[in-house]
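Reading through the structure tokens given below for one structure.
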Amino acid sequence: MENAFYQTAKEIVNAGYDNLPTELVSSKHLIYSSPATLSFNSPGAKGFGVKRAGLAVPESVMLLVSPGCCGRNTSLFKSSPEYRDKFFFQLLDDTDIVTGRHLMKITNAVDEMLEVLDKRPSAIMICITCVDALLGTDMERICRKVTDKTGIPCVACYMYALTREKRLSPMAYVRTSVYSLLEKTKRENRDMNILGFFTPLNDSSELYTLLKDAGIKNIRELSRCKTFDEYKELSKANFNLVLNPEARHAAQDMQERLSIPFIEILRLYQPDKIHNQYLLLKDTLGVDFDDTPYYENTKKIIKDFKDKYGELRFAVGEILNGDAIEIALMLIKEGFKVECVFATIGELNYRFLKVLAQLSPETKIYSNLSPTMLGYENDEIDCYIGSDCKYYFDDKPGIEWCEDTEPFGYQGVNDLFTALDAALSNN
56 MENAFYQTAK
66 EIVNAGYDNL
76 PTELVSSKHL
86 IYSSPATLSF
96 NSPGAKGFGV
106 KRAGLAVPES
116 VMLLVSPGCC
126 GRNTSLFKSS
136 PEYRDKFFFQ
146 LLDDTDIVTG
156 RHLMKITNAV
166 DEMLEVLDKR
176 PSAIMICITC
186 VDALLGTDME
196 RICRKVTDKT
206 GIPCVACYMY
216 ALTREKRLSP
226 MAYVRTSVYS
236 LLEKTKRENR
246 DMNILGFFTP
256 LNDSSELYTL
266 LKDAGIKNIR
276 ELSRCKTFDE
286 YKELSKANFN
296 LVLNPEARHA
306 AQDMQERLSI
316 PFIEILRLYQ
326 PDKIHNQYLL
336 LKDTLGVDFD
346 DTPYYENTKK
356 IIKDFKDKYG
366 ELRFAVGEIL
376 NGDAIEIALM
386 LIKEGFKVEC
396 VFATIGELNY
406 RFLKVLAQLS
416 PETKIYSNLS
426 PTMLGYENDE
436 IDCYIGSDCK
446 YYFDDKPGIE
456 WCEDTEPFGY
466 QGVNDLFTAL
476 DAALSNN
């Protein structure tokens with residue numbers, strides 16, 4: 056059997072971003088869906104795939120228009136109490152797929168949906184798949200037709216795996232969809248929104264405290280909205296703070312439609328970079344706050360961990376709350392070793408890879424989706440981070456680090472090392 060393909064960080068950087076090997080580019084080869092990748096590379100994806108994300112609008116329902124193979128795993132969500140009476144299905148047969156006749160049935164399917172609901176929904180999300188991508192369906196027109204007939208806002212969600220590698224990916228597009236129902240209203244000077252995730256930041260994140268110190272009165276997040284009325288208050292924001300690049304298109308749309316400007320910072324795990332971002336944020340807002348105590352506390356937590364466990368050898372995966380390359384870079388900067396990283400290389404994390412290649416040129420970079428991973432033989436490590444790594448290193452201590460509550464800032468780094476300490480102590 057062929058050995059799993061990898062290149063070292065140095066080899067990738069020396070070749071340049073435009074010359075990534077085909078084995079590390081999922082759109083250029085067959086996809087290998089191992090148990091390590093099924094949670095993000097299947098219609099039944101765990102976490103927030105397009106289907107679950109589309110229901111982030113409070114009190115909304117979804118009609119999934121798809122062949123049975125794409126919709127079958129959604130029944131897993133329906134079994135959860137919070138998604139009961141949220142998902143409905145319009146299954147396509149072979150004739151539908153060939154002729155597109157299913158498009159004439161969508162409004163009738165919506166009528167049937169509304170008849171069985173006890174409460175009128177705030178919005179109807181219609182989720183379509185690669186079938187309609189290939190047919191070139193004008194879903195916006197169909198949504199307008201549904202709205203005209205029912206009087207309920209209707210929005211399209213695109214579960215197009217074919218566009219996963221594009222600049223506007225399905226997860227970027229669905230973020231735009233869930234904010235598209237907001238209407239322009241009077242903005243409040245001391246109100247803001249946090250954009251980027253479908254679950255809230257950890258309550259203990261210092262970001263909330265720092266923003267309050269800066270004079271912000273109301274900090275709103277879509278995931279904390281319980282009702283549609285609360286959702287509509289997102290329109291009052293004086294600015295949006297974008298924490299995930301996949302929310303950039305949504306922020307640009309809100310700037311265009313609602314005149315709400317946005318500021319973008321990243322979720323990072325390198326303490327010095329977190330500090331720099333906070334400096335830039337307060338300069339941009341023209342306010343003052345002091346993150347120094349948080350910075351010093353985080354550095355102490357990392358030092359104490361290093362003193363306790365020494366120069367650990369890590370594996371870092373990509374199914375986690377963060378970027379695998381950036382987390383690997385943080386570990387290396389803090390004096391640990393990173394033997395291997397399982398990651399998708401993009402324009403954003405390539406800049407982290409360039410620094411990583413200087414500090415740890417022999418770190419191996421694998422693609423989870425390469426068919427050659429069938430021949431993967433475990434690297435020698437002491438600890439792992441990431442759900443996919445749990446599959447590869449089931450005999451080693453580690454953490455999955457992909458809970459729904461989102462880590463951010465210094466708090467995220469602190470909790471990461473606290474979780475690692477617990478995993479290693481219990482081993």
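Heads up: the sequence shown begins at 56 in our numbering, then just goes up one per residue. Just so it is clear, CB atoms sit at the ideal spot from N, CA and C, and this is done for glycine as well. All of these numbers come straight from a predicted model, not from anything done at the bench.
Which of the three DSSP states, helix, strand or coil, is assigned to residue 153? Position 98 of the sequence shown holds residue 153. Residue 153 falls in the helix class under three-state DSSP.
The segment 339 to 348 in contact with the segment 253 to 269 per 3-pair CB rule at 8 Å: yes
Quick one, which of 294, 247, 224 and 469 has its alpha-carbon nearest residue 105's? Along the sequence shown, one-based indexing puts residue 105 at 50. Closest by alpha carbon: 224.
Short check: CB of residue 261 to CB of residue 349, under 7 Å? Your numbering for residue 261 matches position 206 in the sequence shown. Your numbering for residue 349 matches position 294 in the sequence shown. Yes.
At which residue ranges does the segment 352 to 399 contain complete alpha helix (DSSP H) runs of 4 or more residues, listed in the order of the chain? 379 to 388
Determine the direct distance from the alpha carbon of residue 257 to that of residue 274, and round the result to whole angstroms. Residue mapping note: residue 274 aligns to position 219 of the sequence shown, counting from 1. Residue mapping note: residue 257 aligns to position 202 of the sequence shown, counting from 1. The alpha-carbon of residue 274 is positioned some 14 Å away from that of residue 257.
Residue closest to residue 155, alpha-carbon to alpha-carbon, out of 184, 108, 284 and 138: Taking the sequence shown and counting its residues from 1, one reaches residue 155 at position 100. Taking only the C-alpha atoms, the option nearest residue 155 is 184.
Per DSSP, what kind of secondary structure is residue 295 in: helix, strand or coil? For the purposes of this step, residue 295 is identified with residue 240 of the sequence shown, where counting begins at 1. Here residue 295 sits in strand by DSSP.
With 16 other CB atoms within 10 Å as the buried threshold, where does residue 297 fall? Here residue 297 refers to the residue found at position 242 when the sequence shown is read from its first residue. Under this definition residue 297 is a buried residue.
Cβ-Cβ separation, residue 143 to residue 118 (assumed contact under 8 Å), whole Å: To locate residue 118, count along the sequence shown from 1; it is residue 63. To locate residue 143, count along the sequence shown from 1; it is residue 88. That belief holds up - the Cβ atoms of residue 118 and residue 143 are roughly 5 Å apart, short of 8 Å.
Hey, residue 255 and residue 279: beta-carbon distance below 7 Å or not? Position 200 of the sequence shown, counted from the first residue, corresponds to residue 255. Position 224 of the sequence shown, counted from the first residue, corresponds to residue 279. Cβ distance < 7 Å, so residue 255 and residue 279 count as in contact.
In the DSSP assignment, find the unbroken alpha helix (DSSP H) run with residue 329 in it and report its ends. Locating residue 329 in the sequence shown gives position 274, counting from the first residue. First-last of the alpha helix (DSSP H) with residue 329: 326 to 340.
State the CB to CB distance for the pair residue 443 and residue 419, rounded to an integer number of angstroms; the pair is presumed to be in contact (CB under 8 Å). Residue numbering aside, residue 443 sits at position 388 when the sequence shown is read from its first letter. Residue numbering aside, residue 419 sits at position 364 when the sequence shown is read from its first letter. The pair is not a contact, with the Cβ atoms about 15 Å apart (cut-off 8 Å).
Just to confirm the assignment, what range does the alpha helix (DSSP H) spanning residue 234 have? Position 179 of the sequence shown, counting from 1, holds the residue named residue 234. 225 to 234 is the extent of the alpha helix (DSSP H) around residue 234.
Of the residues 457, 211 and 453, which one's Cα is nearest the Cα of residue 367? Residue mapping note: residue 367 aligns to position 312 of the sequence shown, counting from 1. Nearest C-alpha to residue 367: 453.
Rounded to the nearest angstrom, how far is the Cβ of residue 416 from that of residue 200, given a contact under 8 Å? What you label residue 416 is simply residue 361 of the sequence shown in a count that begins at 1. What you label residue 200 is simply residue 145 of the sequence shown in a count that begins at 1. So it is not a contact: roughly 57 Å between Cβ atoms.
Using C-beta distances below 7 Å, list every residue in its chain close to residue 251, excluding the 5 sequence neighbours before and after it, in chain order. Looking up residue 251 in the sequence shown gives position 196. These residues qualify, in order along the chain: 297, 298, 299 and 302.
Taking residue 379 and residue 398 to be in contact with their CB atoms under 8 Å, please state how far apart those CB atoms are, rounded to whole angstroms. Stepping through the sequence shown from its first residue, residue 379 is reached at position 324. Stepping through the sequence shown from its first residue, residue 398 is reached at position 343. Contact flag correct, Cβ pair sits at about 4 Å.
DSSP three-state label for residue 431, please. For this step, residue 431 is matched to residue 376 along the sequence shown. Here residue 431 sits in coil by DSSP.
DSSP puts residue 119 in a beta bridge; with which residues? As a working mapping, residue 119 is identified with position 64 in the sequence shown. In DSSP, residue 119 forms a bridge with 144 and 182.
Give the secondary structure of residue 312 by DSSP, where H, G and I count as helix, E and B as strand, and everything else as coil. Locating residue 312 in the sequence shown gives position 257, where the first residue counts as 1. Three-state DSSP puts residue 312 in a helix.
Which class does residue 210 belong to by DSSP, given the choice of helix, strand or coil? The count along the sequence shown starts at 1 and reaches residue 210 at position 155. Note: residue 210 maps to strand in three-state DSSP.
Please name the residue in 211, 167, 463 and 57 whose C-alpha comes closest to that of residue 328. Along the sequence shown, one-based indexing puts residue 328 at 273. For the residues 211, 167, 463 and 57, the minimum Cα distance to residue 328 belongs to 463.
Could you tell me if residue 77 is buried or exposed, where buried requires 16 or more neighbouring beta carbons within 10 angstroms of its beta carbon? Taking the sequence shown and counting its residues from 1, the one referred to as residue 77 is at position 22. Residue 77 should be labelled exposed.
Starting from residue 248, trace the beta strand (DSSP E) both ways and give me its first and last residue. Against the sequence shown, residue 248 aligns to sequence position 193. Residue 248 -> beta strand (DSSP E) spans 246 to 250.
What is the rounded straight-line gap between the Cα of residue 88 and the Cα of residue 347? Here residue 88 refers to the residue found at position 33 when the sequence shown is read from its first residue. Here residue 347 refers to the residue found at position 292 when the sequence shown is read from its first residue. C-alpha separation (whole angstroms): 44 Å.
Going by alpha carbons, who is nearest to residue 205 out of 259, 430, 243 and 166? Position 150 of the sequence shown, counted from the start, is the residue given in the question as residue 205. Nearest of 259, 430, 243 and 166 to residue 205, Cα basis: 166.
Check the C-beta distance from residue 139 over to residue 239 and give it rounded, since I have them as a contact under 8 Å. In the sequence shown, the residue the question calls residue 139 occupies position 84. In the sequence shown, the residue the question calls residue 239 occupies position 184. 34 Å between Cβ atoms; not a contact.
For residue 261, the first and last residue of its enclosing beta strand (DSSP E): Against the sequence shown, residue 261 aligns to sequence position 206. Counting along the chain, residue 261 falls outside any beta strand (DSSP E), though it belongs to the alpha helix (DSSP H) covering 261 to 268.
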